[in-house]
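> So that we are looking at the same thing, I have put the structure below in structure tokens.
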Amino acid sequence: MRNVYSVKQVNSYIKNMFTQDFMLNRIYVKGEVSNCKYHTSGHIYFSLKDESGTLACIMFAGQRAGLTFRMREGQQVVVLGNITTYERDGKYQLYAREIILDGAGLLYEKFETLKKELEEMGMFAQEYKQPIPFYAKRIGIVTAPTGAAIQDIMNIVSRRNPYVQLILYPALVQGKDAPESIVKGIRTLEEKQVDLMIVGRGGGSIEDLWAFNEESVARAIFDCSIPIISAVGHETDITIADYVADLRAPTPSAAAELAVTEYSQLKEKMYDYEIQLKRSLRQIIAGKCTFLKQYEIRMKYLQPYNRLREQRQRLIGMEEKIRILMEKKLEKAKYEFSVRLENMKALSPLEKLSKGFGYVTKKGGTAIKSVKQVKINDTLKIELKDGTIYTKVTDRIEEEENGRENTGGSV
Numbered sequence: 190m191r192n193v194y195s196v197k198q199v200n201s202y203i204k205n206m207f208t209q210d211f212m213l214n215r216i217y218v219k220g221e222v223s224n225c226k227y228h229t230s231g232h233i234y235f236s237l238k239d240e241s242g243t244l245a246c247i248m249f250a251g252q253r254a255g256l257t258f259r260m261r262e263g264q265q266v267v268v269l270g271n272i273t274t275y276e277r278d279g280k281y282q283l284y285a286r287e288i289i290l291d292g293a294g295l296l297y298e299k300f301e302t303l304k305k306e307l308e309e310m311g312m313f314a315q316e317y318k319q320p321i322p323f324y325a326k327r328i329g330i331v332t333a334p335t336g337a338a339i340q341d342i343m344n345i346v347s348r349r350n351p352y353v354q355l356i357l358y359p360a361l362v363q364g365k366d367a368p369e370s371i372v373k374g375i376r377t378l379e380e381k382q383v384d385l386m387i388v389g390r391g392g393g394s395i396e397d398l399w400a401f402n403e404e405s406v407a408r409a410i411f412d413c414s415i416p417i418i419s420a421v422g423h424e425t426d427i428t429i430a431d432y433v434a435d436l437r438a439p440t441p442s443a444a445a446e447l448a449v450t451e452y453s454q455l456k457e458k459m460y461d462y463e464i465q466l467k468r469s470l471r472q473i474i475a476g477k478c479t480f481l482k483q484y485e486i487r488m489k490y491l492q493p494y495n496r497l498r499e500q501r502q503r504l505i506g507m508e509e510k511i512r513i514l515m516e517k518k519l520e521k522a523k524y525e526f527s528v529r530l531e532n533m534k535a536l537s538p539l540e541k542l543s544k545g546f547g548y549v550t551k552k553g554g555t556a557i558k559s560v561k562q563v564k565i566n567d568t569l570k571i572e573l574k575d576g577t578i579y580t581k582v583t584d585r586i587e588e589e590e591n592g593r594e595n596t597g598g599s600v
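192 is the number that this note's numbering gives to position 3 of the sequence shown; each next residue is one higher, with no gaps.
Structure representation (structure tokens):
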């Protein structure tokens, strides 16, 4: 019995065949637009036809960002997309990713080829992108002198920062001589040593913008030592210059916004910085003043004059202490002296004399302490309290050891 397949299986198999076909995954199809409908969901349903037949097409809403024109019946277009089947209906159709008018088809292919070559060379690499200066004082502009682009740039720059100097190189931006003119403008402004450069023009068709897709312009932008902002066409227009430039702006007006720092915001920011700086300086100065006060106190303490004053004060204190100690010692000495004086008085002959005693000496001054020192007829000197008596020994009486008297004469 032969194999029998379901409709789903057949449709899935056919879809898988389309998916595996490399050519059908990225294909350009040329034809005339017919049955074009813009759905409320944002999708575009249309057909491409020529003298031999038609091809159903759809562009989903998420892909419409790259569509630069509104599709109409009878237009000749080139559609880039992939062909596959819609399993529910069993029909194949072209799922469009990009749609361009037929006149631009060959240019678009040339654009893709050059883009791929330059990308492989590394000319689009991020590491080669130069930073855009925060505050550019001199900005060079390569564009047409009479177009809307230069007017938009001048108006926005004068509004954002009237102090920025603009240097215009009046270049051709359309036609066969435009690439050479743009390259010359870039190199001339590079010699002028501007801070930043804007290269661009207003919107137009792919043919109008083609000068910015030339390899000579791309290499001039890549080799330039000055940062370059590319500003070509409208937001949906993409050129080779946009990929090579250090920064892409969707429009010339946006390029002016990106290139020029708004003076009022900068002034306000500088005012805020000034306030912060003054606050920080006040805090630093207050801290330094505190340190200076501390050092001043330390210096006053360590100054020779203060140390001498302290030593002098210390000496005064020691002198006072010595004086007090000396007074105490003198008081003690006076007391001891008075005690000894009283003791001496008690032992003094004069004190004895004052109490009725006398002091007896021989003529030569020898003190008489015993009767044995005296002989009969010796002359003695008797000193009394109020005078002196000279007397002659007429007799003497000695006391014997047993207490009896021994008469030896009288005085």
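Here a beta-carbon is modelled for each residue, glycine too, at the ideal position from N, C-alpha and C.
(1) Let me make sure I understand the geometry here. Which of 362, 328, 562 and 333 has the alpha-carbon closest to that of residue 351?
(2) Please state the DSSP three-state secondary structure of residue 413.
(3) For residue 441 versus residue 364, is the C-beta spacing smaller than 8 angstroms?
(4) Just to confirm the assignment, what range does the beta strand (DSSP E) spanning residue 548 have?
(5) Please list, in chain order, all residues of the same chain as residue 318 whose beta carbon is under 7 angstroms from its beta carbon, the five residues on each side excluded.
(6) Is it the case that the Cβ atoms of residue 400 and residue 420 are separated by a distance below 8 angstroms?
(7) Hey, how far is the Cα of residue 600 from the Cα of residue 588?
(8) Kindly indicate the opening and closing residues of the alpha helix (DSSP H) around residue 376.
(9) Contact between the stretch 353 to 364 and the stretch 460 to 474 is defined here as three or more beta-carbon pairs at a separation below 8 angstroms; is this criterion met?
(10) Would you kindly work out how many angstroms separate the C-alpha atoms of residue 190 and residue 207, rounded to a whole number?
(11) Whole angstroms are fine: how far does the CA of residue 281 sit from the CA of residue 348?
(12) Closer than 7 angstroms by C-beta to residue 578: which residues in its own chain qualify, once you throw out the five before and the five after it? Chain order, please.
(13) Using the DSSP secondary-structure output, state which residues sit across from residue 266 in a beta bridge.
(14) Looking only at DSSP bridge pairs, what is residue 419 linked to?
(15) By how many angstroms is the C-alpha of residue 568 removed from the C-alpha of residue 582?
(16) So residue 402 and residue 258 are in contact, right, with Cβ under 8 angstroms, and what is the actual spacing, rounded?
(17) Out of curiosity, what's the CA-to-CA distance linking residue 516 and residue 573?
(18) Using three-state DSSP, classify residue 355 as helix, strand or coil.
(19) Please list the terminal residues of the continuous alpha helix (DSSP H) segment that includes residue 332.
(20) Go ahead and label residue 559 buried or exposed: buried means 16 or more other beta carbons lie within 10 angstroms of its beta carbon, across all protein chains shown.
(21) Would you call the CB atoms of residue 312 and residue 407 closer than 8 angstroms?
(22) Do residue 248 and residue 225 come within 8 angstroms of each other at the CB atom, strictly closer than that value?
(23) Starting from residue 248 and walking both ways along the beta strand (DSSP E), at which residues does that stretch end?
(24) Should the stretch 194 to 206 be called in touch with the stretch 264 to 272, which here means at least 3 C-beta pairs below 8 angstroms?
(25) State the DSSP-derived secondary structure class of residue 158, mapped to helix, strand or coil.
(26) Does any residue of chain D have a CB that is nearer than 8 angstroms to the CB of residue 259?
(27) Given this structure, state the Cα-to-Cα distance separating residue 370 from residue 289, to the nearest angstrom.
The relevant details are as follows:
(1) 328
(2) coil
(3) no
(4) 548 to 551
(5) 435
(6) no
(7) No answer about residue 600 holds up, because its pLDDT of 46 lies below 50 and its placement is not dependable.
(8) 367 to 380
(9) no
(10) Unreliable positioning characterises residue 190 in this predicted model, as indicated by a pLDDT of 48, which lies under 50. A coordinate reading is not provided.
(11) 55 angstroms
(12) 571
(13) 220 and 290
(14) 388 and 437
(15) 6 angstroms
(16) About 18 angstroms; that fails the 8 angstroms criterion.
(17) 40 angstroms
(18) strand
(19) No alpha helix (DSSP H) holds residue 332; the beta strand (DSSP E) holding it covers 327 to 332.
(20) exposed
(21) yes
(22) no
(23) 243 to 248
(24) no
(25) In the structure displayed, the chain extends from 190 to 600; residue 158 sits before or after that span and is not available.
(26) Looking for chain D here will not work: only one protein chain is present.
(27) 28 angstroms
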